[in-house]
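Read through the structure below, which is laid out as structure tokens, and then see the notes.
Number of protein chains: 2
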Amino acid sequence: MKGISVLGATGSIGTQTLDVLANHRDKFRLVAMSVGKNLALAEEQIHQFKPPLVSVMTDEDRKTLASKVPEGTRVVCGEEGLIEVATAEKAEILVNAVIGSVGLAPTLAAIEAKKTIALANKETLVTAGHLVTEKARENGVKLLPVDSEHSAIFQALQGERMDRLHRIIITASGGSFRDKSRDELNGVTVEDALKHPNWSMGAKITIDSATMMNKGLEVIEAHWLFNLPYEKIDVLLHKESIIHSMVEFVDRSVIAQLGTPDMRVPIQYALSYPDRLEFHKGQQLNLWEVGKLHFAPLDMERFRCMAFAYESGKQGGTMPTVLNAANEEAVELFLNNQLSFLGIEDVIEKALERHERIDSPSLADILHVDQETRAFVHSLIK
Amino acid sequence: MKGISVLGATGSIGTQTLDVLANHRDKFRLVAMSVGKNLALAEEQIHQFKPPLVSVMTDEDRKTLASKVPEGTRVVCGEEGLIEVATAEKAEILVNAVIGSVGLAPTLAAIEAKKTIALANKETLVTAGHLVTEKARENGVKLLPVDSEHSAIFQALQGERMDRLHRIIITASGGSFRDKSRDELNGVTVEDALKHPNWSMGAKITIDSATMMNKGLEVIEAHWLFNLPYEKIDVLLHKESIIHSMVEFVDRSVIAQLGTPDMRVPIQYALSYPDRLEFHKGQQLNLWEVGKLHFAPLDMERFRCMAFAYESGKQGGTMPTVLNAANEEAVELFLNNQLSFLGIEDVIEKALERHERIDSPSLADILHVDQETRAFVHSLIK
Numbered sequence: 003m004k005g006i007s008v009l010g011a012t013g014s015i016g017t018q019t020l021d022v023l024a025n026h027r028d029k030f031r032l033v034a035m036s037v038g039k040n041l042a043l044a045e046e047q048i049h050q051f052k053p054p055l056v057s058v059m060t061d062e063d064r065k066t067l068a069s070k071v072p073e074g075t076r077v078v079c080g081e082e083g084l085i086e087v088a089t090a091e092k093a094e095i096l097v098n099a100v101i102g103s104v105g106l107a108p109t110l111a112a113i114e115a116k117k118t119i120a121l122a123n124k125e126t127l128v129t130a131g132h133l134v135t136e137k138a139r140e141n142g143v144k145l146l147p148v149d150s151e152h153s154a155i156f157q158a159l160q161g162e163r164m165d166r167l168h169r170i171i172i173t174a175s176g177g178s179f180r181d182k183s184r185d186e187l188n189g190v191t192v193e194d195a196l197k198h199p200n201w202s203m204g205a206k207i208t209i210d211s212a213t214m215m216n217k218g219l220e221v222i223e224a225h226w227l228f229n230l231p232y233e234k235i236d237v238l239l240h241k242e243s244i245i246h247s248m249v250e251f252v253d254r255s256v257i258a259q260l261g262t263p264d265m266r267v268p269i270q271y272a273l274s275y276p277d278r279l280e281f282h283k284g285q286q287l288n289l290w291e292v293g294k295l296h297f298a299p300l301d302m303e304r305f306r307c308m309a310f311a312y313e314s315g316k317q318g319g320t321m322p323t324v325l326n327a328a329n330e331e332a333v334e335l336f337l338n339n340q341l342s343f344l345g346i347e348d349v350i351e352k353a354l355e356r357h358e359r360i361d362s363p364s365l366a367d368i369l370h371v372d373q374e375t376r377a378f379v380h381s382l383i384k
Numbered sequence: 003m004k005g006i007s008v009l010g011a012t013g014s015i016g017t018q019t020l021d022v023l024a025n026h027r028d029k030f031r032l033v034a035m036s037v038g039k040n041l042a043l044a045e046e047q048i049h050q051f052k053p054p055l056v057s058v059m060t061d062e063d064r065k066t067l068a069s070k071v072p073e074g075t076r077v078v079c080g081e082e083g084l085i086e087v088a089t090a091e092k093a094e095i096l097v098n099a100v101i102g103s104v105g106l107a108p109t110l111a112a113i114e115a116k117k118t119i120a121l122a123n124k125e126t127l128v129t130a131g132h133l134v135t136e137k138a139r140e141n142g143v144k145l146l147p148v149d150s151e152h153s154a155i156f157q158a159l160q161g162e163r164m165d166r167l168h169r170i171i172i173t174a175s176g177g178s179f180r181d182k183s184r185d186e187l188n189g190v191t192v193e194d195a196l197k198h199p200n201w202s203m204g205a206k207i208t209i210d211s212a213t214m215m216n217k218g219l220e221v222i223e224a225h226w227l228f229n230l231p232y233e234k235i236d237v238l239l240h241k242e243s244i245i246h247s248m249v250e251f252v253d254r255s256v257i258a259q260l261g262t263p264d265m266r267v268p269i270q271y272a273l274s275y276p277d278r279l280e281f282h283k284g285q286q287l288n289l290w291e292v293g294k295l296h297f298a299p300l301d302m303e304r305f306r307c308m309a310f311a312y313e314s315g316k317q318g319g320t321m322p323t324v325l326n327a328a329n330e331e332a333v334e335l336f337l338n339n340q341l342s343f344l345g346i347e348d349v350i351e352k353a354l355e356r357h358e359r360i361d362s363p364s365l366a367d368i369l370h371v372d373q374e375t376r377a378f379v380h381s382l383i384k
């Protein structure tokens, strides 16, 4: 029985993680979870899984929830609460499924507590990849990917030697606007952007798919997860999202992981790794039903966020922190109708241009640059 | 430095195997080889690779060749010669690339001599899978696939547990006539049949691709290589031959091996296994250049040989021996314009219908049924 902690249990990845746990009650036990604003869902989850520890955002939420949960559940709150969930004694694996840079500190704490990290929070590696991977190495802790693309690469690498890898090829659906030219992107609405063709995900990541920033963040994440230079990371447009990503070895052999788009597969793989478990609810992939798979090269001029991401990643230091913070704020502004869709790119470009890079930043540097960048983005709007 | 013996060095797989050896002179050394009728090519190969031992088909060929080879090369002949090559003392790996059931006895001898077997000769497993796999187990000998499909499955299984496998999916290009209906197959010529769309291979296997018997034999081979019931072996039409085959696990995750069609990749993998080596001459797979991959279900009524193969495989015993022997003779007759293309299927059907199955046949039983079936096929033509 593996003890599992989940940061962000009420989010898209969080709820799917809990579904995986529900399918394998004999293998996994939820020992701690953190939740966001959806206290009604949190209450349901608590009654279903009876975790001994739950963390909420505010002390007010803590009071609200505490009166409604079973006796065995302790409710905590705030940043300290997140850390407590991340380091819960009986947890073997921490699933980090929160959105944004709030996932960083709990991840570092969990690594120090020798928890295996199942990482769905991209920002942790994007903003502090050097700190997180170094701490994981020092503590002998595994970082397991939860993103479908990184899980695909990780699965394709099983039984292989890393020094025989030639490149990885991350596939990209192209998001809601993949068939639109840049001209056609003028005036697209939030509603349009939220219609992702293949995956059912949260709002932030769906917008990031439309701008292709999601893929850019994945490139940076892959750089850290697999310890690869950016020259060995390619991106390929593949609109069906059936091939989740690929690895090419030095002998020209390519290993790919495929499946119907269902995040529960990579989530379950991270939890069961190195073993695999049955997934009865999952839909079998029959390629003769799909008929065709399409591939196209990625145009960095069409998808400017990809260019920003590669460039920030190669420059390193605090540049990816700026990229990520500017993007988070810009997407938030877009979702609130305070910024146009193409304005997201402009805001990120400006934030990157003005920033003076700090090499090998400390956690304090990163948090400072993160805040400063967010303030800068807002200053552009007022 | 691995010592390599090659049975069938002048054939399609044989010459490509020697090309792999030539690319890695520091890793592999050719210690023995057998050749067929092409003595001119054999002579060239001998001068290039200087193997200490060469076997030819007849004593006459032996005399012809012996006078033309360097001093260090000994020339032997006949079935004994094949065995001598297969068991050559300094060989670590035997590449069995002969065509037809002649490959069986040398393979068994090589297994007893504890050689790793790189198997391109399908008939060995099709006709005597139970004997070969049992002997390999007893001797602790590895059977490594050389066929691109089986190599793909083998590669996809690295680092995985066999008991977590749900099914394998063998891809089939469909061969020269994949777009023709059964009616349109009336009157097709040998020349038409020899035009394989993707792979450059020998005549026998190219015809087998057109009838789909090649895929049928691969299904039976996969049954033995991976110890799987036929219910767990699916075939999928995929005309580009880019996805070489796939494995589906119990968690619905599918791992595939892909590449541009080049037999040197699976050959080299069998020789370098479990490592991979550079393959500079190979063409990199860029799926955006390919654009689309197509998939279609396999129609067993359109491709009757597939139905024969599954049925023979499930019945077991000497049925696959009949299937294979009848097919070999029928293809030979077709290549000599003594039988129509659709006549190949009819001949195989008749041979299977008349045969009384022997369960758990001995090697003698197999060889007897093989000869008897060939004689029967010829009796149909006269």
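Those protein sequence lines, which keep their order, are chains A and B.
Numbering of the first sequence is given in this note's numbering, commencing with residue 3 and proceeding in unit increments.
Numbering of the second sequence is given in this note's numbering, commencing with residue 3 and proceeding in unit increments.
We put the beta carbon where it would ideally sit given N, CA and C, even for glycine.
Hey, does A309 of chain A have any beta-carbon neighbour from chain D nearer than 8 Å?
The structure shown contains no chain D; its protein chains are A and B.
Indicate whether K92 of chain A and T118 of chain A have their beta-carbon atoms separated by less than 8 Å.
As a position in the first sequence, residue 92 of chain A is number 90, starting the count at 1. As a position in the first sequence, residue 118 of chain A is number 116, starting the count at 1. One thing to note: K92 of chain A has its Cβ no nearer than 8 Å to the Cβ of T118 of chain A.
Pick out the complete alpha helix (DSSP H) segments inside the segment 63-108 of chain A, 4 residues or longer, and give them in chain order.
80-88
Determine the extent of the alpha helix (DSSP H) in which K124 of chain A is found, giving its start and end residues.
Position 122 of the first sequence, counted from the first residue, corresponds to residue 124 of chain A. It spans K124 to N141 - the alpha helix (DSSP H) in which K124 of chain A sits, taken as one unbroken run.
Chain B within 8 Å of E277 of chain A, Cβ atoms only:
As a first step, residue 277 of chain A is located in the first sequence; it is residue number 275 there, counting from the start. Before going on, a small fix: residue 277 of chain A reads as Asp here, not Glu. Yes, its Cβ sits closer than 8 Å to a Cβ of chain B.
Where E82 of chain A falls, given that 16 or more other Cβ within 10 Å makes a residue buried:
For the purposes of this step, residue 82 of chain A is identified with residue 80 of the first sequence, where counting begins at 1. E82 of chain A should be labelled exposed.
Once you ignore the five residues that flank L23 of chain B on each side, which residues in its own chain have a CB closer than 6 Å to its CB?
As a position in the second sequence, residue 23 of chain B is number 21, starting the count at 1. The beta carbon of L23 of chain B lies closer than 6 Å to those of F30 and L32 in the same chain, with the five residues before and after it left out.
List in chain order: all unbroken beta strand (DSSP E) runs of 3+ residues lying wholly within the segment 156-203 of chain B.
167-174
With a floor of 4 residues, list each alpha helix (DSSP H) that falls wholly inside the segment 272-328 of chain B, ordered by position along the chain.
The segment 272-328 of chain B contains these whole alpha helix (DSSP H) runs: 289-292 and 306-317.
List the residues that DSSP assigns as beta-bridge partners of L335 of chain B.
The sequence position of residue 335 of chain B within the second sequence is 333, counting from 1. Beta-bridge analysis with DSSP links L335 of chain B to no other residue.
Going by DSSP in three states, S153 of chain B sits in which element: helix, strand or coil?
Taking the first residue of the second sequence as position 1, residue 153 of chain B is located at position 151. In the structure shown, S153 of chain B sits in a helix (DSSP, three-state: H, G or I).
Closest Cβ-Cβ distance between H296 of chain A and chain B: below 8 Å?
Position 294 of the first sequence, counted from the start, is the residue given in the question as residue 296 of chain A. True, the Cβ-Cβ gap to chain B drops below 8 Å.
Only counting the same chain, and skipping five residues up and downstream in sequence, which positions put a Cβ closer than 8 Å to that of L295 of chain B?
Indexing the second sequence from 1 puts residue 295 of chain B at position 293. Closer than 8 Å at Cβ, skipping near neighbours: H240, E242, I244, I245 and L289.
Given a threshold of 16 other Cβ atoms within 10 Å of its Cβ, counted over all protein chains shown, does A224 of chain A qualify as buried or as exposed?
Working through the first sequence from its first residue, we reach residue 224 of chain A at position 222. By the neighbour-count rule (16 or more Cβ atoms within 10 Å), A224 of chain A is buried.
Determine the chain B residues that contact F281 of chain A at a beta-carbon separation under 8 Å, and present them in chain order.
By 1-based counting over the first sequence, the position of residue 281 of chain A is 279. Residues of chain B passing the Cβ test: V252, D253 and R254.
Strictly by DSSP, which residues pair up with T118 of chain A?
Within the first sequence, the letter at position 116 stands for residue 118 of chain A. Bridge partners of T118 of chain A: A:I95.
Please state the DSSP three-state secondary structure of R359 of chain B.
Against the second sequence, residue 359 of chain B aligns to sequence position 357. If DSSP states are grouped into helix, strand and coil, R359 of chain B belongs with coil.
What are the residues of the segment 164-180 of chain B that lie near chain A, defined by any Cβ-Cβ distance shorter than 7 Å?
R166
Residues of its chain near L219 of chain B, where Cβ-Cβ distance is below 6 Å and the 5 sequence neighbours each way are ignored:
Here residue 219 of chain B is taken as the residue at index 217 of the second sequence, counted from 1. Answer for L219 of chain B: K124 and V128, listed in chain order.
Continuous beta strand (DSSP E) stretch holding A11 of chain B: start and end
As a working note, residue 11 of chain B is residue 9 in the second sequence. Run containing A11 of chain B: none; DSSP gives neither H nor E here.
Checking the sheet assignment: what are the DSSP bridge partners for S7 of chain A?
By one-based count along the first sequence, residue 7 of chain A stands at place 5. Beta-bridge annotation (DSSP): S7 of chain A is paired with A:A34 and A:L96.
Same chain, Cβ closer than 8 Å to V267 of chain A, neighbours up to 5 away in sequence not counted
By 1-based counting over the first sequence, the position of residue 267 of chain A is 265. Answer for V267 of chain A: S150, S153, G261, F281 and G284, listed in chain order.
Under 9 Å between beta-carbons, which chain A residues line up against Q259 of chain B? List them in chain order, please.
Here residue 259 of chain B corresponds to residue number 257 of the second sequence, with the count starting at 1. Within 9 Å Cβ-Cβ: S255, V256, I257 and A258.
Using a Cβ-Cβ distance under 8 Å, would Y271 of chain A count as near chain B?
As a working note, residue 271 of chain A is residue 269 in the first sequence. With 8 Å as the cut-off, Y271 of chain A counts as an interface residue toward chain B.
Please determine, among A:R304, A:P147, A:N200 and A:M215, the residue with the shortest C-alpha to C-alpha distance to L187 of chain A.
In the first sequence, counting from the first residue as 1, residue 187 of chain A sits at position 185. It is A:R304.
If we define contact as Cβ-Cβ less than 8 Å, is P54 of chain B a contact residue for chain A?
In the second sequence, residue 54 of chain B corresponds to position 52, counting from 1. By this cut-off, P54 of chain B is not an interface position.
Given a threshold of 16 other Cβ atoms within 10 Å of its Cβ, counted over all protein chains shown, does N329 of chain A qualify as buried or as exposed?
One-based indexing of the first sequence puts residue 329 of chain A at position 327. By the neighbour-count rule (16 or more Cβ atoms within 10 Å), N329 of chain A is buried.
From what residue to what residue does the alpha helix (DSSP H) around S211 of chain B run?
As a working note, residue 211 of chain B is residue 209 in the second sequence. Counting along the chain, the alpha helix (DSSP H) containing S211 of chain B begins and ends at A205 to T213.
Beta-ladder partner(s) of D236 of chain A, from DSSP:
For the purposes of this step, residue 236 of chain A is taken as the residue at position 234 of the first sequence. Its beta-bridge partners are A:I171.
Going by C-alpha to C-alpha distance, which of A:F156, A:D264 and A:E313 sits closest to P231 of chain A?
Reading the first sequence from its first residue, position 229 is the one you call residue 231 of chain A. Among A:F156, A:D264 and A:E313, the Cα nearest to that of P231 of chain A belongs to A:E313.
For the segment 140-159 of chain A, enumerate the residues whose C-beta is nearer than 9 Å to any C-beta of chain B, in chain order.
S153, A154, Q157, A158 and L159
Residues near M248 of chain A by beta carbon distance below 6 Å, same chain, minus five either side
Along the first sequence, read from residue 1 onward, the residue named residue 248 of chain A stands at position 246. Hits under 6 Å: I171, V256 and A258.
Beta carbon of S103 of chain A nearer than 8 Å to that of N326 of chain A:
Here residue 103 of chain A is taken as the residue at index 101 of the first sequence, counted from 1. Here residue 326 of chain A is taken as the residue at index 324 of the first sequence, counted from 1. For S103 of chain A and N326 of chain A, yes; Cβs fall inside 8 Å.
Within 8 Å, do at least three Cβ pairs link the segment 315-324 of chain B to the segment 358-375 of chain B?
yes
Nearest-angstrom Cα separation, counted from V100 of chain B out to L9 of chain B:
Stepping through the second sequence from its first residue, residue 9 of chain B is reached at position 7. Stepping through the second sequence from its first residue, residue 100 of chain B is reached at position 98. Inter-residue distance for L9 of chain B and V100 of chain B is about 6 Å (C-alpha atoms, whole angstroms).
With distances taken between CB atoms, is the gap from F251 of chain A to E162 of chain A smaller than 8 Å?
Locating residue 251 of chain A in the first sequence gives position 249, where the first residue counts as 1. Locating residue 162 of chain A in the first sequence gives position 160, where the first residue counts as 1. Their beta carbons are under 8 Å apart, which means F251 of chain A touches E162 of chain A by this criterion.
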